[in-house]
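Presented below is the structure to which this report refers.
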Amino acid sequence: MTTTLPLLLLMTSLLPAAVTFFLAQDSHILRNTLQLGGAVIKLGLIVWMLFAVATGATYEAEFPLAPGLVILLRIDALALLFISLSGALWLLTTIYAIAYFGTKAELSRFFGFFSLCVAATTGLALSGSLISFFIFFELLTLSTWPLVAHKQNKPSLAAAKVYFTYALPGSAALLWAIIWLESATGPVLFTEPPDLSGLDPAALRAIFALFIIGVGVKAALVPLHGWLPAAMAAPAPVSALLHAVAVVKAGAFGVVRIVYDVFGAENMTALGVGVPLAIVASVTIVWGSFRALQQDEIKKRLAFSTVSQVSYIVLGAALASPLAMIGGLVHLVHQGLMKITLFFCAGIYDERAGIKRIEGLNGMGKQMPWTSACFSIGAMGMIGLPPLAGFISKFYLGLGAMEAGAPWVLAVLLASTLLNAAYFLPLLYRLWFLPRAEDARGDERASGLVLPAVVTAAATLGVGLLAASPISPLGWATLIVTQGYGP
Amino acid sequence: MNLTVFALTGAALVGLGVYGLIARVHMLRRIMAFNLIGSGLFLFFGAAGARGVGLDPIPQALIITGIVVALSASALAVGLVVALARSSGTACLPDEAGDT
Amino acid sequence: MTALISWLVLPLFAALAAIALPSRARLPAALLGVGLTVVASIWLTIEVWNTGAVTVSLGGWRPPIGIALRADGLGAALGVMTALVMVAVALAARHELAAKVAGPRIGFGFWPLMLLLWAALNAVYVARDLFNLYVGLELITLTAVALVAISGKAAAIAAALRYLLFALAGSLLYLAGVVLTYAAHGTLDISLLAARTVAPGDALALGLMTAGLLVKTALFPFHVWLPPAHSAAPAPASALLSALVPKASLLILLRIWFEAMPELATPMTQSALASLGALAVIWGGVLALLQSRLKLIVAYSTVAQLGYIFLVFPLAGGDGAAQPWAAGAWTGAIFQMLAHGLAKAAMFLAAGIYIAAIGSDRLGDMRGLARALPMTGFAFALASITLLGLPPSAGFTAKYLMMTAAFASGQWAWALVPAGGGLLAAAYLYRPLSAIFARDTALTPRPIPWAWQTVPLVLAALSVALGLLSSIPFEFLQIGRPEQAAEGL
Amino acid sequence: MSMMYSGSLAPFAVLMWPLLLGLVPIVPRWRANALRLLPFAPLPALGFAIAGAPGSVEIPDLLLGVQLGTRPDTALLLGMTALVWTVAGWYAAQVMERGQAAGLFASFWCLTLAGNLGVFLAADIVTFYIAFAAVSLAAWPMVIHDRTRAALAAGRVYITLAVVGEAALLSGLMIGAAAAADLQISTVRAAFADAPFGTVGVGLLIAGFGIKAGMVPLHIWLPLAHPAAPVAGSAVLSGAIVKAGLIGMVLLVPEETGWRSMLIVLGLLGAFGAAIWGLSQQNPKAVLAYSTVSQMGLLLVLVGAGSQGVAYAALHHGLAKAALFLCVGMMMLATSAAQRRAVVGLAGLVALSVAGLPLTGGALAKLAGKLGIGEMLSLAITLSSVTTTLVLGWFLICLGRVSAKPQQTPHWGGLFSVVMVLGVLALILPWVLWPGAVDVPRDYVWHPSNMLEGLWPVLAGLGAVALVQRLKLPAYPPGDLLRLFGKHKLRPAFQLPVGNHGARRTKRPALRLLLKVKDAERALLHWPFAGSTLMGLALVLAAFVWIAT
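Residue numbers (the working numbering), protein chains in the order written: chain A, 628 to 1114; chain B, 79 to 178; chain C, 37 to 525; chain D, 256 to 804.
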């Protein structure tokens, strides 16, 4: 069991992928059953495992390729945090995507890569060694590309191209770093931190930088963020996946892994690379928000807000104080919930009302109350209004910053809060308080679209309200930090 | 002593061949140059094999094989040249047709 | 032993049969020959896996009088790869080069040439004698040239002739080296040469042989003959030429440098060879970027991909005692040979399908073909993953092993080559891919039989699977591996 | 899983009840009549306060561990707030027009109310912060409810400052909490003393609270928002909501800090400046708004001076100011001369109380406030009565000018009586609560010197009123500093800069280089060159090997 479970988790999305590719375009029922079935089973497994791991069980599966090339799947608390997020959101996104695409073209291709992408994310979460992390990291890149290019029109193909131009050099840097490190320390497992004594500090700093560049591309750290806003040319479910579940998260997750499982917090501080990383994250936070302010396309604005928000996670990791790390980890989940809500809603506005730009939102609150309510919750959460999810993360990050003796971070959080408000509140204002345009149409007769948004919005509220309960993401993040990375 | 003569002649042939192979444009000349080099090498080979006590049978075997190989190569080459001349009207490579 | 012999002679007989038999029986005979040879190579592989390297002294005569054949892990592995490619090519050619489609000349000529090539390749994989290697190499060259010219088009003939010109020059250089070696040591058997006492003439001999082999391997700057030749040939032939032919001369290089004359390897020469390889990676990549025809892109990518393999000289070479990384580098290089063989064959066969479908391989005409021929598009994409060296493909395994060796041996600069080369490959493969996967279809393609479409897909999938299951091949390659590869020269 | 809660659920229920009512308008059918519920929303809180705010509760799983409970001063303000909201809610239920917009208004009304009650009930900073955010941000829709240009402009200024305040407050709280390693309000407050960057933290807190409490110069939103909101909204804004900022300062700003003196200075500045500036207003609601700024200034002075009577004084001001705003509303609805006289009468009475006429609740409030603060300050407070009388007198004049409404409104009388109750309570309640709230016997009120201190400023003020009635006052629109500092025009809508979407970059030079490569390739193709290079290479390799061995 202990070895088969990780495999099962992987299979729940790999098998649907493999089968879906060869399904006929019009065999909708079978395809949807496969997708939903896989998602549900995976979620079940995850829930089961949550309890098992909470009682101290560990799961591990190992496949040696060539010497030094070992795929190691291992389930620890951190992996579980990420995997439960992606598992839950995958189910919702699948429901949403099925409703979104209806009977459009090329669905077998889409859903094939869609589940492949999730398989990659699962593998990423379960990776117990650097090299397996890299392998799934690459698989993720490859499986996402067709999703971005799915529409196959000029903008989306261009977006896909941009995506590759950023992603591949990034992975080259990552591979370089991994091999450089492992040539001195041997294969790196996340269970025991490698012995870095073999490398001089300069080399270690360089390796760290390479690592951060490698995962930073996916985490959309400024200045490596260019692909993310471009990628909003993809269909809404993909954006949701990209921004909340898979790609960007994978990057942030990678940063956490590298900081805490490869280098270790104290080494990072000793090398003096923590503060620079924190600065990069801060710059990203502010710059992303600032650019978001300038966008008048809803999805573009959301994309830039992702750029900014994901760096909270990086910031939390970089500050390397327990509270900050809890904040970062919990934001991994919280940002996912909030951003996926926003993208779901953006997709609904686009799909049901043809709204792409913010002017279109005027007065939509009355027209599409549920969507608009969910959107508002997500937006307010992003701003960090209590008692929503975003507030919890921000609060812990702030405390952590003080704990780490980096009060300037408070200024960053302050600025980001104000900027977030500046680019989200006008949207809410338009939604609820401005008169509707005469030709405004739009309805919410697609429950498959609205329901997931409602669920995630409710979750955004719930994780904030019940933050202190042990089963909340915050509780789990606290568990991780106290177990694994406690000082 | 005569061995050295053979060896030197072989070397000379090779030299001549190399010059022809590089300097000449017409493909037939190049093929002949190739055969020249081949013969030179075989001559040298034979000389090398004939040293020491008694005769070493191996070089002879090898040389015969080599000659066969060279022959078939030349045959193929000539065939191609003919085909080239038929299709393009010249027995020179496209990019060199200009220079003599 | 029987396995080895039958593995050598079966394709030869099949070739003769394909020539001799009347046209009706030709194709069945050829396919039968292919089938039997595959069986033989599997058999041989199992034998090698069970009992280690298989050595045969022909007619019971031992070297230096007799001729020895030896199937070690390396040779057998290449043999298996060759068998796979041959089967795929045969299956594709059944559709593409049927006499009524491609004309009588190709219909007649292709099968014997292919089988002859196969026999020659197998001979080279197991030969232990420099002169036998020469003969095998010549046989390969001649069949390859014939395959290039087989279509009879003017461009093809010119390309073939240029190929022949370069190739013959190469063989002469090699032959000269062989002669000098024999003159100095009175033997050409690799194992005996390894035990020889170094003579002053060896340097020149080695230099001549190496240079000759470099031309045949189409290493920069002697690659120029390859792209026109490979793109002029019909697709299945191109697959053979690109996937297999250069590997033979490359193998001989490895045999000479790692087995026959390891003690002559010096950092300077090694890095000279590796630098040429690095240049090849860059040069081939850039030129592939500039091509507008699919087959030319693929051909230039061959130039680039072969460049990686030359990193083996400084990485697995280098004086010094037992070096743990050497095995990694050596195996990595061979993985690259295998991965490239499979992937490149898949690519050329895919190109063949596209040409058969729309009668052109210009990128402009290929827009949106993925819609009509999804499997082929998928195959091309998979093969690209291998060439990019992305996990979990075998290309990645090779890249990883080489880069690790580079860092471990403190020559990290060499690691830049695979890293950068991967990006370059991404750049030049992105263009055909984005063309194939574009939405608007330029031409309405002719229907392609399903069986034909699966062929490249399977090959490409194999090139990825080789990476996923690389532990067994890794073991296999260590069988009968030269000590020098284990411990460094 | 720990136990769900410990303590009595009463405070929690008090808080939840308005939130539940706030959900009612979600049902479309009920939306139209949601306003009817408003007066009932604060009732549990009112009862809770009257019962002496018994019991406290801890709910560990909620948020970051919710703790609710009151202290004497917060209990006072809790009751006042509940009372104000009840009456204002009644007024809104009677007067405001029903409809879709009303539903939205009702929801936010309840949310704001919950927040307003929450700031007095919260015992941990997270709950407090959440309540504070609710009371600031949820009040925004009430400000812009009428959608007039002025309302939208005011709303824009309001929300901007509110968000800035939130951010500042959050940062301040974080600094404190990080030092305290605990979320209890009292602990956090104590921790500021020797927290790293504690002073900055306190400064941020004061900024955050100051915005809400209308502290000069952060008050700029107040004279814009209070008049713009519907009457009921203005009543709660001026009466109850501003007190959230005040209680924040009381609860979280530690005694020993340099900021205190700044509080006093700014307070006095507001107390006198705002009152004077109020004379430049024509709209009675605007005048009242400025008087609120000045009264809050006084209260801030008390906070700065560490007076015990802050809550007590605030209680009176809340009731009175709410009553005054409602009077404006009654005036707008009044039709007969009798009604108008009645309104002016009530307003005058309450105004005098605010000014501190002896024996009124206001006088008691001032006396209680002056207890235990320095001579100079108490003198200043006494003096402030003059300006207060002046500005409120001016208010009465403007009130008289409010044009009557043509048609009769139903049950005006009933409505007025409710407002009257509120006003009267403003006069009476301080008498009732004195024993509990102030620790000197009530006879202190009758002390002649105190009577005198209360009387003469009022008389002086009345004289001044008589004076200003004569001379022509300049008339400015509300929003003093905003206009002073070149904030040329107040825009109603948010207009954001829209960035360019990235210009295309051309890569021609790279192309030219690549073409050169192609030429080079052609040169390599040339056999004589290639062949000789080949021979050369052979020899070079040989040479390499030769050299090495």
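Virtual Cβ for every residue (Gly too), placed ideally from N, Cα, C.
Note that the structure is a prediction, hence the values are computed from the model and not measured.
- Secondary structure note for A104 of chain C: its beta strand (DSSP E) is the uninterrupted segment A104 to A107.
- Taking 9 Å as the cut-off, the beta carbon of T246 of chain C is found no closer than this to the beta carbon of L201 of chain C.
- Around the Cβ of G172 of chain C, a 10 Å sphere holds 16 or more other Cβ atoms; the residue is buried.
- Taking a Cβ-Cβ threshold of 7 Å, the residues of chain D close to L171 of chain B are W782, in chain order.
- G277 of chain D is outside the set of residues whose beta carbon lies under 9 Å from a beta carbon in chain A.
- Between R767 of chain D and chain B, the shortest Cβ-Cβ separation is not below 9 Å.
- The Cβ-Cβ distance between V339 of chain D and L574 of chain D falls below 9 Å.
- Residue ranges of uninterrupted beta strand (DSSP E) with 3 or more members are absent from the stretch 265 to 317 of chain C; none lies entirely inside it.
- Around the C-beta of W711 of chain D, fewer than 16 other C-beta atoms lie within 10 Å, and the residue is accordingly described as exposed.
- Only residues of its own chain outside the window of five on either side were considered, and among them M373 have a CB closer than 6 Å to the CB of K283 of chain C, listed in chain order.
- Note that the C-beta distance between T768 of chain A and H852 of chain A is not below 9 Å.
- The beta carbon of I1010 of chain A is closer than 8 Å to those of G1017, T1044, N1047, A1048, F1051 and L1052 in its chain, skipping five residues each way along the sequence.
- Taking a contact to require three or more Cβ pairs closer than 8 Å, the stretch 117 to 127 of chain C and the stretch 256 to 275 of chain C qualify as touching.
- Between the alpha carbons of L40 of chain C and W85 of chain C lies a gap of roughly 13 Å.
- In this structure, DSSP gives A1006 of chain A a helical state, which the three-state scheme calls helix.
- For F690 of chain A, no alpha helix (DSSP H) run applies; the uninterrupted beta strand (DSSP E) run containing it begins and ends at Y686 to P691, by DSSP.
- In this structure, Q536 of chain D sits near P733 of chain D, with a CB-CB distance shorter than 9 Å.
- The beta carbon of G310 of chain D lies closer than 7 Å to those of G262, S263, A265 and P266 in the same chain, with the five residues before and after it left out.
- Interface criterion met: the Cβ of K773 of chain D is under 9 Å from a Cβ in chain C.
- Contact annotation: the stretch 785 to 802 of chain A does not touch the stretch 476 to 486 of chain C, with fewer than three C-beta pairs closer than 8 Å.
- Partner residues in the beta bridge of R984 of chain A, as assigned by DSSP, are A:E924.
- Scanning chain C for C-beta atoms nearer than 7 Å to the C-beta of W364 of chain D yields nothing, as the closest lies near 53 Å away.
- DSSP, reduced to helix, strand and coil, places I186 of chain C outside both helices and strands of the structure shown, so it counts as coil.
- Closest by C-alpha distance to M351 of chain D, out of D:A785, D:P665, D:L392 and D:W801, is D:P665.
- Contacts with chain D at 9 Å (Cβ-Cβ) do not include L67 of chain C.
- Of the residues A:Q922, A:E689, A:L774 and A:L959, the one whose Cα lies closest to the Cα of Y939 of chain A is A:L959.
- Going by DSSP, E313 of chain D is part of the beta strand (DSSP E) stretching over V312 to I314.
- For I698 of chain A, the enclosing beta strand (DSSP E) begins and ends at V697 to I702.
- Non-local C-beta neighbours of L1040 of chain A in its own chain, meaning closer than 7 Å and more than five positions away in sequence, comprise K1021, L1024 and G1025, ordered along the chain.
- Looking only at A:V872, A:G1091 and A:A908, the smallest Cα-Cα distance to A847 of chain A is reached by A:A908.
- DSSP places L816 of chain A in the strand class (E or B) of the three-state scheme.
- Within the DSSP bridge table, the entry for L634 of chain A names no partner.
- Counting only runs of 3 or more residues that sit fully inside the stretch 365 to 406 of chain D, no beta strand (DSSP E) segment turns up.
- Contact of G786 of chain D with chain B by beta-carbon distance below 8 Å involves L99 and I100.
- A check of alpha carbon separations from A357 of chain D across D:L768, D:I281 and D:A730 identifies D:I281 as the nearest.
- Per DSSP, V282 of chain D is not a residue of any beta strand (DSSP E), being assigned neither H nor E.
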